[in-house]
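**Student:** With numbering that gives the first Met the number 0, the residue at position 279 of the sequence shown is 278, and numbering never jumps.
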Amino acid sequence: MPILLALMLMQSSPYASALPREIVEKKEDEARKRRTESQQFAGPLPLRPENGCLLAVESDPERSAEVARKALASAQGREKVRAGLCLGVALADLDRWGEARTAFTQARDTADPSDHLSRARLGAMAGNAALADGKAGDALMLLGPAATEAKTASDGALGASIALDRARALVSLGQNGEAAAALTDARTADPTNAQAWLLSATLARRQKNLIEAQTQIEKAAQLAPQDPEVGLEAGVIAILGGRDEAARRSWTSVLNTSPDSPAAVTAKDYLAQLGPEGTPKP
Numbered sequence: 000m001p002i003l004l005a006l007m008l009m010q011s012s013p014y015a016s017a018l019p020r021e022i023v024e025k026k027e028d029e030a031r032k033r034r035t036e037s038q039q040f041a042g043p044l045p046l047r048p049e050n051g052c053l054l055a056v057e058s059d060p061e062r063s064a065e066v067a068r069k070a071l072a073s074a075q076g077r078e079k080v081r082a083g084l085c086l087g088v089a090l091a092d093l094d095r096w097g098e099a100r101t102a103f104t105q106a107r108d109t110a111d112p113s114d115h116l117s118r119a120r121l122g123a124m125a126g127n128a129a130l131a132d133g134k135a136g137d138a139l140m141l142l143g144p145a146a147t148e149a150k151t152a153s154d155g156a157l158g159a160s161i162a163l164d165r166a167r168a169l170v171s172l173g174q175n176g177e178a179a180a181a182l183t184d185a186r187t188a189d190p191t192n193a194q195a196w197l198l199s200a201t202l203a204r205r206q207k208n209l210i211e212a213q214t215q216i217e218k219a220a221q222l223a224p225q226d227p228e229v230g231l232e233a234g235v236i237a238i239l240g241g242r243d244e245a246a247r248r249s250w251t252s253v254l255n256t257s258p259d260s261p262a263a264v265t266a267k268d269y270l271a272q273l274g275p276e277g278t279p280k281p
């Protein structure tokens with residue numbers, strides 16, 4: 000393997016020494032997730048102008064926060080939960096993470112104790128706000144009860160999502176062993192979650208367990224064969240295992256299937272360092 004590529008993989012690559020990009024997601028990815036979860040949570044309640052700000056958050060979060068605050072003053076029951084949810088989403092879009100966390104937490108506490116699904120989703124959103132605010136320890140305290148609520152609600156997909164968030168928090172705290180356990184929980188809760196297998200492979204590779212990483216990335220590839228991040232990680236695992244041509248195939252597949260993705264830029268750089276096919280090792 001070329002020395003420059005080895006140094007790149009071991010020192011400067013975001014897929015080696017730095018926290019994996021898939022675990023420490025960008026703020027834009029978090030915002031999309033919050034909006035999606037908010038829409039899923041909305042349920043049968045009407046999105047009336049006085050208490051339903053979800054549809055307006057993206058275009059005018061400041062106004063949406065104002066509407067939600069006014070709604071909270073007179074809302075009762077599930078309407079109060081909805082207003083708190085709206086307020087949290089709006090504040091998150093304004094990067095006011097601490098306030099968003101408080102709004103989500105209060106909305107969770109307002110929800111009926113028997114409404115385990117709503118409490119799980121709101122707790123998860125509060126945990127995400129804490130993560131975005133750089134408070135991983137606080138996030139864990141919020142995500143733990145959310146995981147319990149999701150399990151009680153028998154929602155495997157939500158349980159897996161919360162477990163992934165717990166893994167992100169644990170990795171940011173340097174607790175990789177606990178993060179691996181959280182990823183195991185995610186795979187158990189939803190074995191079809193390709194992201195759980197991808198992140199598991201990334202973490203196993205960082206812990207120098209290439210055999211386990213290979214098994215996990217193969218599973219991720221089965222579930223999401225077109226995912227460029229899976230192809231990129233598969234190549235990194237292959238080259239660290241001395242399988243240069245397998246790495247070349249993986250990175251080339253990223254260029255072929257997702258030529259305009261950020262992963263393709265990285266794959267192109269890796270391939271340039273690897274050199275043309277058949278290049279002898281130094």
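Even for Gly, the Cβ is constructed at its ideal location relative to N, Cα and C.
Considering only the alpha carbon of each residue, which of E177, P224 and W250 lies closest to Q194?
**Tutor:** Counting from one through the sequence shown, the residue named residue 194 turns up at place 195. Ranking E177, P224 and W250 by Cα distance to Q194 puts P224 first.
**Student:** If you check the beta carbons only, do R165 and A181 fall under 8 Å apart?
**Tutor:** Counting from 1 along the sequence shown, the entry for residue 165 is found at position 166. Counting from 1 along the sequence shown, the entry for residue 181 is found at position 182. Their beta carbons are under 8 Å apart, which means R165 touches A181 by this criterion.
**Student:** Whole angstroms are fine: how far does the CA of L163 sit from the CA of E228?
**Tutor:** Against the sequence shown, residue 228 aligns to sequence position 229. Against the sequence shown, residue 163 aligns to sequence position 164. The alpha-carbon atoms of E228 and L163 are separated by roughly 16 Å.
**Student:** Is the Cβ-Cβ distance between P200 and A212 less than 8 Å?
**Tutor:** Working through the sequence shown from its first residue, we reach residue 200 at position 201. Working through the sequence shown from its first residue, we reach residue 212 at position 213. Reading off the sequence shown, one finds Ala at residue 200, where the question assumed Pro. Against a cut-off of 8 Å, the Cβ pair of A212 and A200 comes out as a contact.
**Student:** Is the CB-CB distance between A74 and A82 below 8 Å?
**Tutor:** Taking the sequence shown and counting its residues from 1, one reaches residue 74 at position 75. Taking the sequence shown and counting its residues from 1, one reaches residue 82 at position 83. The answer is yes: Cβ separation under 8 Å.
**Student:** Evaluate the contact criterion for the region 149-156 versus the region 126-135: three or more CB pairs, one atom per stretch, below 8 Å.
**Tutor:** No, because fewer than three Cβ pairs between the region 149-156 and the region 126-135 fall closer than 8 Å, the two stretches do not touch.
**Student:** If you reduce the DSSP assignment to three classes, tell me which class Q272 lands in.
**Tutor:** Locating residue 272 in the sequence shown gives position 273, where the first residue counts as 1. Helix.
**Student:** Can you round the beta-carbon distance between I238 and L209 to whole angstroms, since I take them to be within the 8 Å contact cut?
**Tutor:** Translated into positions along the sequence shown, residue 238 becomes position 239. Translated into positions along the sequence shown, residue 209 becomes position 210. That pair is no contact at about 10 Å.
**Student:** Taking the continuous alpha helix (DSSP H) assigned at A145, which residues delimit it?
**Tutor:** Against the sequence shown, residue 145 aligns to sequence position 146. Segment A135 to T151, the alpha helix (DSSP H) holding A145.
**Student:** So, A152 versus L141, is the Cβ gap smaller than 8 Å?
**Tutor:** The residue you call residue 152 lines up with position 153 of the sequence shown. The residue you call residue 141 lines up with position 142 of the sequence shown. No, these two residues do not count as a Cβ contact at 8 Å.
**Student:** Which term fits K207, buried or exposed, when burial requires 16 or more other beta carbons within 10 angstroms of its beta carbon?
**Tutor:** Within the sequence shown, the letter at position 208 stands for residue 207. By the neighbour-count rule (16 or more Cβ atoms within 10 Å), K207 is not buried but exposed.
**Student:** Quick check on K134: buried or exposed, where buried means 16 or more other Cβ atoms within 10 Å of its Cβ?
**Tutor:** As a first step, residue 134 is located in the sequence shown; it is residue number 135 there, counting from the start. Looking at its Cβ environment, which holds 16 or more other Cβ atoms inside 10 Å, K134 is buried.
**Student:** Taking C-alpha atoms, which residue in T256, A168, R247 and E148 lies nearest to E276?
**Tutor:** Walking along the sequence shown from the start, residue 276 turns up at place 277. Taking only the C-alpha atoms, the option nearest E276 is R247.
**Student:** In whole angstroms, what is the alpha-carbon distance linking R186 and I216?
**Tutor:** Taking the first residue of the sequence shown as 1, we reach residue 186 at position 187. Taking the first residue of the sequence shown as 1, we reach residue 216 at position 217. Roughly 13 Å separates the two Cα atoms.
**Student:** Taking the alpha helix (DSSP H) that Q213 falls in, what are its first and last residues?
**Tutor:** Sequence index remark: in the sequence shown, residue 213 carries index 214 (1-based). It spans L209 to L222 - the alpha helix (DSSP H) in which Q213 sits, taken as one unbroken run.
**Student:** Find the nearest neighbour of D226 within the set E244, H115 and P258, judged by alpha-carbon distance.
**Tutor:** Here the question's residue 226 lines up with position 227 in the sequence shown. Considering only alpha carbons, the answer is P258.
**Student:** Can you grab the Cα-Cα spacing for the pair A271 / L197, in whole Å?
**Tutor:** As a first step, residue 271 is located in the sequence shown; it is residue number 272 there, counting from the start. As a first step, residue 197 is located in the sequence shown; it is residue number 198 there, counting from the start. When rounded, the distance between both Cα atoms is 24 Å.
**Student:** Run through DSSP, which three-state label would T265 get?
**Tutor:** Here the question's residue 265 lines up with position 266 in the sequence shown. In this structure, T265 counts as helix in the three-state DSSP scheme.
**Student:** Over what stretch of residues does the alpha helix (DSSP H) that includes T191 continue unbroken?
**Tutor:** Stepping through the sequence shown from its first residue, residue 191 is reached at position 192. It is not in any alpha helix (DSSP H) - T191 carries neither H nor E in the DSSP assignment.
**Student:** Does chain C have any CB closer than 8 Å to the CB of A262?
**Tutor:** Protein chain content of the structure displayed is limited to a single chain, and chain C is not contained in it.
**Student:** Could you have a look at R100 and say whether DSSP puts it in helix, strand or coil?
**Tutor:** Here residue 100 refers to the residue found at position 101 when the sequence shown is read from its first residue. Note: R100 maps to helix in three-state DSSP.
**Student:** State the CB to CB distance for the pair G122 and R107, rounded to an integer number of angstroms; the pair is presumed to be in contact (CB under 8 Å).
**Tutor:** Here residue 122 is taken as the residue at index 123 of the sequence shown, counted from 1. Here residue 107 is taken as the residue at index 108 of the sequence shown, counted from 1. Their Cβ separation, rounded to whole angstroms, is 5 Å, which keeps G122 and R107 in contact under 8 Å.
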